[in-house]
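Working notes for the structure below.
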Amino acid sequence: MMSRSYTNLLDLASGNFPVMGQPREKKRLPRVMTVPGVISELDDDQANSVASDVPSSIIQDRIIIVANQLPVKAKRRPDNKGWSFSWDDDSLLLQLKDGLPEEMEVLYVGSLKVDVDPSEQDDVSQLLLDRFKCVPAFLPPDILTKFYHGFCKQHLWPLFHYMLPFSANHGGRFYRSLWEAYVAANKIFSQRVIEVINPEDDYVWIHDYHLMVLPTFLRRRFNRLRMGFFLHSPFPSSEIYRTLPVREEILKALLNSDLIGFHTFDYARHFLSCCSRMLGLEYQSKRGYIGVEYYGRTIGIKIMPVGIHMAQIESVLRLADKEWRVGELKQQFEGKTVLLGVDDMDVFKGVNLKLLAMEQMLKQHPKWQGRAVLVQIANPARGRGQDLEEIQAEITASCKRINETFGQPGYEPIVFIDRPVSLSERVAYYSVAECVVVTAVRDGMNLTPYEYIVCRQGVSESESSSESSGSKKSMLVVSEFIGCSPSLSGAIRVNPWNIETTAEAMNEAISMADAEKQLRHEKHYRYVSSHDVAFWSRSFFQDMERTCKDHFRRRCWGIGLSFGFRVVALDPNFRKLSIDHIVSVYLRSKNRAILLDYDGTVMPQTSHNKTPSSEVISIINTLSSDIKNTVFVVSGRGRDSLAQWFSPCKKLGIAAEHGYFMRWSANDNWEVCGQNSEFGWKEIAEPVMKLYTEATDGSSIETKESALVWHHRDADPGFGSSQAKEMLDHLESVLANEPVTVKSGQFIVEVKPQVCT
Numbered sequence: 009m010m011s012r013s014y015t016n017l018l019d020l021a022s023g024n025f026p027v028m029g030q031p032r033e034k035k036r037l038p039r040v041m042t043v044p045g046v047i048s049e050l051d052d053d054q055a056n057s058v059a060s061d062v063p064s065s066i067i068q069d070r071i072i073i074v075a076n077q078l079p080v081k082a083k084r085r086p087d088n089k090g091w092s093f094s095w096d097d098d099s100l101l102l103q104l105k106d107g108l109p110e111e112m113e114v115l116y117v118g119s120l121k122v123d124v125d126p127s128e129q130d131d132v133s134q135l136l137l138d139r140f141k142c143v144p145a146f147l148p149p150d151i152l153t154k155f156y157h158g159f160c161k162q163h164l165w166p167l168f169h170y171m172l173p174f175s176a177n178h179g180g181r182f183y184r185s186l187w188e189a190y191v192a193a194n195k196i197f198s199q200r201v202i203e204v205i206n207p208e209d210d211y212v213w214i215h216d217y218h219l220m221v222l223p224t225f226l227r228r229r230f231n232r233l234r235m236g237f238f239l240h241s242p243f244p245s246s247e248i249y250r251t252l253p254v255r256e257e258i259l260k261a262l263l264n265s266d267l268i269g270f271h272t273f274d275y276a277r278h279f280l281s282c283c284s285r286m287l288g289l290e291y292q293s294k295r296g297y298i299g300v301e302y303y304g305r306t307i308g309i310k311i312m313p314v315g316i317h318m319a320q321i322e323s324v325l326r327l328a329d330k331e332w333r334v335g336e337l338k339q340q341f342e343g344k345t346v347l348l349g350v351d352d353m354d355v356f357k358g359v360n361l362k363l364l365a366m367e368q369m370l371k372q373h374p375k376w377q378g379r380a381v382l383v384q385i386a387n388p389a390r391g392r393g394q395d396l397e398e399i400q401a402e403i404t405a406s407c408k409r410i411n412e413t414f415g416q417p418g419y420e421p422i423v424f425i426d427r428p429v430s431l432s433e434r435v436a437y438y439s440v441a442e443c444v445v446v447t448a449v450r451d452g453m454n455l456t457p458y459e460y461i462v463c464r465q466g467v468s469e470s471e472s473s474s475e476s477s478g479s480k481k482s483m484l485v486v487s488e489f490i491g492c493s494p495s496l497s498g499a500i501r502v503n504p505w506n507i508e509t510t511a512e513a514m515n516e517a518i519s520m521a522d523a524e525k526q527l528r529h530e531k532h533y534r535y536v537s538s539h540d541v542a543f544w545s546r547s548f549f550q551d552m553e554r555t556c557k558d559h560f561r562r563r564c565w566g567i568g569l570s571f572g573f574r575v576v577a578l579d580p581n582f583r584k585l586s587i588d589h590i591v592s593v594y595l596r597s598k599n600r601a602i603l604l605d606y607d608g609t610v611m612p613q614t615s616h617n618k619t620p621s622s623e624v625i626s627i628i629n630t631l632s633s634d635i636k637n638t639v640f641v642v643s644g645r646g647r648d649s650l651a652q653w654f655s656p657c658k659k660l661g662i663a664a665e666h667g668y669f670m671r672w673s674a675n676d677n678w679e680v681c682g683q684n685s686e687f688g689w690k691e692i693a694e695p696v697m698k699l700y701t702e703a704t705d706g707s708s709i710e711t712k713e714s715a716l717v718w719h720h721r722d723a724d725p726g727f728g729s730s731q732a733k734e735m736l737d738h739l740e741s742v743l744a745n746e747p748v749t750v751k752s753g754q755f756i757v758e759v760k761p762q763v764c765t
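Each residue of the sequence shown is one higher than the last, beginning at 9 in our numbering.
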């Protein structure tokens, strides 16, 4: 077993350790390749990129979809000998195939929801590959517990939903052993992908927060792999995300993808802000596409909310047992107005806030007492912990209190259904509900409102019964903190923490005129029916194709260790300089000009002490003592400081303030660029810069003989950049008639004479 004190992730990321708790070496699945010739067995632990130099003999695109769980159901055979498997029709991974090209082969990699004995794993793997094109990843029990119930559910899930671990009982504290298990699990998934991938023909689409470091493992092996990632949960603001101890490791791993998808602009904006603040990366929007430049690669950012599977919902609407259940529910709630909630039993779903809002509505509007019913369906909890137990107890107490206070013979205002509810039964409840209420305090997407809208629309007119062929109407009260809220412009949006306004919204929804309900319903249905799961997957795949179109044209090098690994992509015409060639040409040449930048070349950019070391002075003296050499230090710094620092270098030339002042050697006089000695413009520019310096914490003004420079490297990245743009416009305006140039650079705004440009 791995020591808990193990903190160096170099070996962990490169795979040079025995996977925790793995009992024995597994038999590998046969690798599926279309490249002609003999493919040698690839070492899973090497860091070099692997790709065939021979083009595929059969050009056929295939996509490998990787997620925590496979879209299959598994159960033991009645005789307890082996397993039987079937597709999980409710799985998004299965439904998204509808949006992919018809001729595209789809392969799934993920884990199973059941424990399979190690002695059966090889047979199960072969069966799933042959019949379902699924490749199972079997996680050892100790890794599974720490990976899923530990790091994913106790740390990432709460943090991404804005719950900080203020105490050990609130949220999840970071434990290095849980992170190590997360990395180890992602490595196991990568090994299963590598066993079946053809890197030149395959696309890889990774799903959700369970596998956020998987892109690094795959990119280390295949530099040009076409790979996308979609996050189905919220991505928190940088103020929340930066509390994660492994924040940079996860960001860098995600940036090894080619396309990163989010449900909403808010989630994408938070991710881009984290990249800017923690990695210094900026994004650009070009022709409607957002991209992040990262070592020569452009990582696409996709914003597209997922939709529902229209055909599945409509098929359930046609079922006879649904009609029977609808009739039963109509009889049960005859004369009542039904409000419906369908939520997972989760601390972030705001179920108790909904109950309190219902209670408030009955108090504020007594006319609904005895008439309005809130049916709350609570799907089984996916996680566990003290927080969940507390919220369950709170919900139970609220239901009991409200029913005791407002209940009457034959009437209970709260009907709480705490059991699994099938899709057909859920559809029946949608059909009788006047309004669906979603009060989640944070949710990645939430498709309940979409399902409700389609169910209220019913099947097409030619198939509908006379009872359902009238005007269609629906109403929604949704939290403004859920992913589907921006796309539902006709819904009443609420802050679920404000019980009073939520109660008023519920009253407004069920009191609204039918004509208004119908108009809102029609608007919603047009959007939901056209932006279904097929539209979502098709749009994502098309963007992945566009983002990856130049992969095999560019020259790529993998550099860096552990989660610092990244691929540097360069133009195909790029040629790496050969040191031997440079030395050879240097020795043959009769006259040489050597120009040395100061900050970042002669001296490290991050060094606070800018005085050159004795070693630097010695090297420069050696170079400048050769009569064939003309050596210059070129810098934006002032001539006095440069002359002082390099006073021992008598033969060194200096170009100060970007060449405004130039001196060929220590014995020569300074030459001035141009004849303009008028600097009256400084009296105009300096007050403007001082104004922005006072308003921008961390900024400063550097006064040179020929220029004024405003620095904002130490300011807040977002605010500093915004202020720099404002200052640039301001200075260009007030200096329009002066012989100067105003330019912005990396964390600077500079004003200098035009003769220096």
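Virtual Cβ for every residue (Gly too), placed ideally from N, Cα, C.
Taking C-beta atoms under 8 Å as the contact rule, Val314 and Val541 qualify, at a distance of about 6 Å. According to DSSP, residue pairing for Trp95 in a beta bridge involves Val80.
For Thr704, DSSP records no beta bridge to any residue. Three or more beta-carbon pairs separated by less than 8 Å are not found between the stretch 201-208 and the stretch 528-545, which leaves the two stretches without contact. Runs of the beta strand (DSSP E) lying entirely within the stretch 277-344, each at least 3 residues long, are 291-294, 297-302, 305-311 in chain order. In the DSSP assignment, Asn231 forms no beta bridge with any residue. Taking Val355 as the centre and dropping the five residues before and after it, the same chain places the C-beta of Asp395, Leu396, Ile399 closer than 7 Å to its C-beta, in chain order. By the 16-neighbour rule on beta-carbons within 10 angstroms, Ala601 is exposed.
Per the coordinates, the alpha-carbon of Ala386 lies some 10 Å from the alpha-carbon of Lys357.
If you compare the alpha carbons of Leu226, Val440, Val502 with that of Ala448, the shortest gap goes to Val502. Contact check for Lys83 against Trp95 fails: the beta carbons are separated by 9 Å or more. Here Arg554 is not near Ala577, since their CB atoms are 9 Å or more apart. Runs of the alpha helix (DSSP H) lying entirely within the stretch 166-240 and spanning at least 4 residues, in chain order: 184-204, 222-229. Contact between the stretch 652-669 and the stretch 709-721 is established, with three or more Cβ pairs separated by less than 8 Å. Cβ-Cβ separation between Ile500 and Glu516: approximately 6 Å, consistent with a contact (criterion under 8 Å). Spatial neighbours of Cys407 in its own chain (CB-CB distance under 6 Å, excluding positions within 5 residues in sequence) are listed in chain order as Ile422, Phe424. Restricting attention to Lys330, Ile403, Leu650, the CA atom closest to the CA of Gly466 is found in Lys330. The stretch 221-240 and the stretch 138-157 do not touch, with fewer than three beta-carbon pairs separated by less than 8 Å.
By the Cβ rule, the stretch 186-201 counts as touching the stretch 125-145, because three or more pairs are nearer than 8 Å. For Glu113, there is no enclosing alpha helix (DSSP H); the enclosing beta strand (DSSP E) covers residues 113-119. Gly661 carries a strand assignment under DSSP once its states are collapsed to helix, strand and coil.
Here DSSP, grouped into helix, strand and coil, assigns Tyr275 to helix. When the beta-carbon positions are compared, Ala674 and Ser643 stay at least 9 Å from each other. The continuous alpha helix (DSSP H) containing Gln394 extends over residues 394-414. For His719, the enclosing beta strand (DSSP E) stretches over residues 716-719. According to DSSP, residue pairing for Leu347 in a beta bridge involves Leu382, Cys443.
Short of 7 Å from the beta carbon of Glu367, and not among the five residues preceding or following it, lie these beta carbons of its own chain, in chain order: Ile410. In the DSSP assignment, Met520 falls outside any beta strand (DSSP E) and carries neither an H nor an E. Counting only the Cα atoms, Tyr419 lies some 9 Å from Phe341. Here DSSP, grouped into helix, strand and coil, assigns Met369 to helix. Looking at Gln292, Ser632, Lys375, Glu433, the one whose alpha-carbon comes closest to that of Val324 is Glu433. According to DSSP, Cys564 shares a beta bridge with Ala577. In the DSSP assignment, Asn387 is bridged to Asp352.
Under the criterion of beta carbons closer than 8 Å, Ala511 and Gln372 qualify as touching, at roughly 6 Å.
By the beta-carbon neighbour count (other beta carbons within 10 angstroms, threshold 16), Leu527 is exposed. Counting along the chain, Val750 sits inside no alpha helix (DSSP H); it lies in the beta strand (DSSP E) bounded by residues 748-753.
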